[in-house]
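Visitor:
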Amino acid sequence: MAEAGEKRRSDLSVLLGYAGNRRGLTFLGLGLSAVAMLLGMAPYVCIWLVVRDLVAVAPDWGTASDIYAYGWMAFGFAVASIAVYFAALMCTHLAAFRTASNIRKQGMAHLMNAPLGYFDNNASGLIRNRLDGASAETETLLAHNLADIAGTVTMLVGMIALMLAFDWRMGAACLMAAVISIVAMFSMMGGKNAGLIAEYQAAQDRMSKAGVEYVRGIPVVKVFQQTVNSFKAFKEAIDDYSDKAGYYQDSVCRVPQSINLTFTEGAFAFLVPVALLLAPGVLASGDFAGFVTDFAFYAVFSAIISTALAKIMFASAGIMLAGTALGRIRQITDAPVLEISDVPIEPQSNRVEFRDVTFIYEGATKPALKNVSFTVEPGQTVALVGPSGGGKTTAASLIPRFWDVSAGAVEVGGVDVRRVDPHVLMGQMAFVFQNSRLFKTSILENVRAARPGASREEVEAALAEAQCADIVAKLPEGIDTKIGTEGTYLSGGEQQRITLARAILKDAPIVVLDEATAFADPENEALIQKAFAVLARNRTVIMIAHRLSTVVGVDKIVVLASGEVVETGTHDELVGSGGLYSRMWEDYNKAAKWRIASDGEVA
Ligand code: ADP
20 MAEAGEKRRS DLSVLLGYAG NRRGLTFLGL GLSAVAMLLG MAPYVCIWLV VRDLVAVAPD
80 WGTASDIYAY GWMAFGFAVA SIAVYFAALM CTHLAAFRTA SNIRKQGMAH LMNAPLGYFD
140 NNASGLIRNR LDGASAETET LLAHNLADIA GTVTMLVGMI ALMLAFDWRM GAACLMAAVI
200 SIVAMFSMMG GKNAGLIAEY QAAQDRMSKA GVEYVRGIPV VKVFQQTVNS FKAFKEAIDD
260 YSDKAGYYQD SVCRVPQSIN LTFTEGAFAF LVPVALLLAP GVLASGDFAG FVTDFAFYAV
320 FSAIISTALA KIMFASAGIM LAGTALGRIR QITDAPVLEI SDVPIEPQSN RVEFRDVTFI
380 YEGATKPALK NVSFTVEPGQ TVALVGPSGG GKTTAASLIP RFWDVSAGAV EVGGVDVRRV
440 DPHVLMGQMA FVFQNSRLFK TSILENVRAA RPGASREEVE AALAEAQCAD IVAKLPEGID
500 TKIGTEGTYL SGGEQQRITL ARAILKDAPI VVLDEATAFA DPENEALIQK AFAVLARNRT
560 VIMIAHRLST VVGVDKIVVL ASGEVVETGT HDELVGSGGL YSRMWEDYNK AAKWRIASDG
620 EVA
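Numbering (the working numbering) for the sequence shown: 20 to 622.
#1: Whose CA, out of L150, R71, V443 and T173, lies closest to the CA of S52?
#2: Could you tell me whether any non-hydrogen atom of the ligand ADP is closer than 6 angstroms to the CB of T413?
#3: The beta strand (DSSP E) spanning G410 covers which residue range?
#4: Starting from A197 and walking both ways along the beta strand (DSSP E), at which residues does that stretch end?
#5: If L161 sits next to T111, beta carbons under 8 angstroms apart, how far is it from one beta carbon to the other, in whole angstroms?
#6: With a CB to CB cut of under 6 angstroms and the five nearest residues on each side skipped, what residues in its chain are close to K330?
#7: For I66, tell me which candidate among G43, W80 and M92 has the shortest Cα-Cα distance.
#8: Note down, in chain order, each residue of its chain lying with its Cβ closer than 7 angstroms to the Cβ of S335, except the 5 sequence neighbours on either side.
#9: Between T384 and V424, which are expected to be in contact by the criterion C-beta below 8 angstroms, what is the C-beta distance as a whole number of angstroms?
#10: Give the DSSP-derived three-state secondary structure of R370 in the structure shown.
#11: Just how far apart, CA to CA, sit A610 and V431?
#12: Whether or not the region 177-195 and the region 291-298 are in contact is what I'm after, with contact meaning three or more pairs of Cβ atoms, one per stretch, closer than 8 angstroms; do they touch?
#13: Drop a sphere of 10 angstroms on the beta-carbon of V434, count the other beta-carbons inside from all chains shown, and report buried for 16 or more, exposed for fewer.
#14: Note down, in chain order, each residue of its chain lying with its Cβ closer than 6 angstroms to the Cβ of L44, except the 5 sequence neighbours on either side.
#15: At which residues does the alpha helix (DSSP H) containing L463 begin and terminate?
#16: Less than 6 angstroms between the CB of S143 and some heavy atom of the ligand ADP, yes or no?
#17: Verify whether the separation of the beta carbon atoms of R516 and A550 is less than 7 angstroms.
#18: For L567 and G595, what's the separation of their Cα atoms in angstroms?
#19: Identify which residue in A119, I122 and Y63 has its Cα closest to the Cα of S100.
#20: What's the call for A442, buried or exposed, on a 16-neighbour Cβ count within 10 Å?
#21: For A387, write down the residues that DSSP places opposite it in a beta bridge.
#22: How would you label A21, buried or exposed, when you count the other beta carbons within 10 angstroms and need 16 or more for buried?
#23: Is the shortest distance between the beta-carbon of G170 and the beta-carbons of chain C less than 7 angstroms?
#24: Using DSSP with H/G/I as helix, E/B as strand and the rest coil, what is L593?
#25: Counting only the same chain and skipping the five closest in sequence on each side, list residues whose C-beta sits under 7 angstroms from that of E156.
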């Protein structure tokens, strides 16, 4: 419990820290909210004064001259309370908006330094939800809940003081109901029930995650004519949630919540019996008028107890929500960042070297690369080949620092890539991976993204070199056509050619590319191969090769299997050595022959 309190305080101070120089406004807002609450209680005192005067002159009501003044005072206090509360919310909102915007800005600034691989592992929707959604959620706490908590605590203290000031016995009777209500409320949340709430929330999380998976898998469910039961994980998550929710409601909440609601609204339950008990003694003492006045005060005043308790409940829910929102924000702000050297060194050439590189993905038990060493001399083309899962993509990703090595070093121009200024490193290389994306803008802007200063003519030349002439020709507005708008969707192979134009326009001396032409039909494939050839010309190229036909003429082939370099050499050397590559080459040729034979049959 103490630990939870500690955490909550630190959550709050973390959130307030984001408000920057508007932090003080939060405290001003809380102070004003407290004042507003005190002002809000004053009309009840005025009512008590009116009742007192009326009872004193009864039945000669007309002589109670001060009651008008009290009435106006009550009105004045009520208006002042509203005005001050408005000012309080103004302050807390200004601070809350600044907090939310600073969370977004700082989160984005942090992500700018995250390695590119982070964005492969974290979908953009997820990042947006974490950063944008969660920062918005903190607003409820900072703008409303905190002010309500400050106000309500002040109100409770003021209420207790007032209640005990007029007639402590009737005051205690009213407070008794509030105490029972509060105890019942906390009994649902504290002790072993805190663990149940955590389990309940975890079950809810699992259910929503399984729900997302289910929606993603709907096409499969439909194609194979399955029912919801086929998504066992989803069904189990729903059943588990339903069990936990049912148990929590029936066994934990039912009785305390009934007590809570009854006594929140039921201060009379104690007030009336206590008043009846006290009445005979008061009659004997002769101050019956004062007693009736006090009773009237408590009868009116006890009504605000329920308002206060409801506010506490909503405010504590707000704190819980802000806690989970902060957790999601932390997933962004705790994301690893690329270490940037204080004294960057400029690479002196376009030579790429892997020196005893080992790399383990976060959370993985086995290294994806083990003691990998090879060099790519300036102007050479080196192909990475090997069985699927061998580590080709991982090795290529380490050059532009999608990830940083776990051990060893990747060097460009004789300098460890971690010592190179990231902008210089990025400027020196172009990479074309399978998941290279196009933006929903014109072809011109899509290609120009690689070099914003490029002229229209340069973009056109790059498109021509990337064999995109046919794509541009068929689009209604040529290179000014917006991709992704109605009727202008490009096929996978066409998109790949546009991303190649981008790389050609960048004109970087080192090219890291994945030659996969998975989306391409034969015609597209031939064009893509031509574009590859243009891109590779006079550049240092590291190519992830999937089909051995493309590697026959390269300067060097590095064969990666299970994360290790098993062979290095030219095509002829490797075929002659009788190792893994030569077996792959044999299989490839058999498959090619088989294809020709089967084509022949069909023909
Ligand atoms: P290849 O490109 O040769 O098919 P990869 O480099 O993609 O091989 O994969 C090498 C190993 O690393 C595989 O065992 C794969 O499961 C693992 N791996 C690849 N990407 C990730 C990732 N983002 N997180 C964890 N493991 C990964």
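Using N, Cα and C, we set each Cβ at its ideal position, and we do this for glycine too.
Guide: A quick look at the data gives this:
#1: T173
#2: yes
#3: Here G410 belongs to no beta strand (DSSP E), and DSSP marks it neither H nor E.
#4: Unbroken run through A197 is the alpha helix (DSSP H), W187 to M208; no beta strand (DSSP E).
#5: 6 angstroms
#6: D167 and T171
#7: M92
#8: none
#9: About 18 angstroms; that fails the 8 angstroms criterion.
#10: coil
#11: 38 angstroms
#12: yes
#13: buried
#14: C110, L113 and A114
#15: I462 to R467
#16: no
#17: yes
#18: 15 angstroms
#19: Y63
#20: The amino acid occupying residue 442 in the given sequence is His; Ala does not appear at that position. The residue in question, H442, is exposed, as its Cβ has fewer than 16 Cβ neighbours within 10 Å.
#21: DSSP, once it has assigned bridges, lists no residue as partnering A387.
#22: With a pLDDT of only 44 at A21, under the threshold of 50, the placement of this residue in the model should not be trusted, and no figure is reported.
#23: No chain C appears in this structure, which consists of one protein chain only.
#24: helix
#25: L340, A341 and A344
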